[in-house]
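For the sequence shown, the numbering used here gives the first residue as 8, with consecutive numbering after it. First up is the structure itself, then whatever we jot down about it.
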Amino acid sequence: MSKVNLAIFFLICPLADIACAQGPAAGIVQKMEAACTRVCHGPSLIAQQRLDVAGWTREVNKMVGWGADIAGSDREELSRYLAEMFNNTRPRPSSAQAAPEGKAKNVFQTSCLGCHDVTPTARIKADRAGWMRVVERMVNWGAYIPPERKEDLIDYLLTNFAQ
Ligand code: HEC
Numbered sequence: 008m009s010k011v012n013l014a015i016f017f018l019i020c021p022l023a024d025i026a027c028a029q030g031p032a033a034g035i036v037q038k039m040e041a042a043c044t045r046v047c048h049g050p051s052l053i054a055q056q057r058l059d060v061a062g063w064t065r066e067v068n069k070m071v072g073w074g075a076d077i078a079g080s081d082r083e084e085l086s087r088y089l090a091e092m093f094n095n096t097r098p099r100p101s102s103a104q105a106a107p108e109g110k111a112k113n114v115f116q117t118s119c120l121g122c123h124d125v126t127p128t129a130r131i132k133a134d135r136a137g138w139m140r141v142v143e144r145m146v147n148w149g150a151y152i153p154p155e156r157k158e159d160l161i162d163y164l165l166t167n168f169a170q
């Protein structure tokens, strides 16, 4: 379990806004942000994919074809990085689309449904302090929540998964 979650921690990082950009892949992560996740679509579209290097190479080339600004010399590294992060060895969030509507739905989907579906969340009855504790525990597991969306996420959890 902990091995799997450690792996997941590294999968979650690139979804971040990007706090994990200190590692060896920092350069390519920043380039990916500049060319991909801050331009036409957010990171969740990438995180939903489960492709190998060949698949990611096709995706990268397709995006370049559509105008993504990725230098030829960076494309291979980016494809390899994406294949490491978003491949089919990670658990599939079984009901990622089944999250309730709300202001922080996208944060919940991106930050909370990478490791498990909504089931454990739907089981919890907690007040605000209780949800804060759950969220902190998930952060310790490796969840990343953009700091400026944390309050929204707590509100969302409180509203949708009642006390
Ligand atoms: C990095 C993987 C990971 C992410 C991301 C993650 N979780 Fe979890 N979650 C776990 C693991 C592992 C457990 C089981 C261990 C535990 O309960 O601490 C768990 C358990 C839970 C539980 C059950 C806790 C209990 O007391 O029974 C809830 C509720 C929960 N997660 C909610 C969330 C929410 C909300 C988010 C988003 C903020 C989130 N999770 C993101 C890994 C993750």
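Built from N, CA and C at the ideal position, the CB exists for glycine as well. Since the model is a prediction, treat every value here as computed from it, not as a measurement.
The Cβ-Cβ distance between A78 and C43 does not fall below 8 Å. With respect to Y151, A111 sits apart: the two C-beta atoms are not nearer than 8 Å. For G149, the distance from the CB to the nearest heavy atom of the ligand HEC is below 7 Å. Taking 8 Å as the cut-off, the beta carbon of R45 is found no closer than this to the beta carbon of V67. Residue environment: W73 is assigned as exposed (fewer than 16 neighbouring CB atoms within 10 Å of its CB, all protein chains considered). If you check the C-beta of M139 against the ligand HEC, you find no heavy atom less than 7 Å away. Boundaries of the alpha helix (DSSP H) around W63: 60-72. In this structure, W148 keeps its C-beta atom at 8 Å or more from the C-beta atom of L165. Within the same chain, and ignoring the five residues on either side of S86 in sequence, the residues whose Cβ sits closer than 7 Å to its Cβ are V60, W63, T64, V67. Around the beta carbon of Q37, fewer than 16 other beta carbons sit within 10 angstroms, so the residue counts as exposed.
Selection C119, N95, V71 evaluated against A105 yields C119 as nearest (Cα-Cα). With fewer than 16 other beta carbons inside 10 angstroms of its own, I131 counts as exposed.
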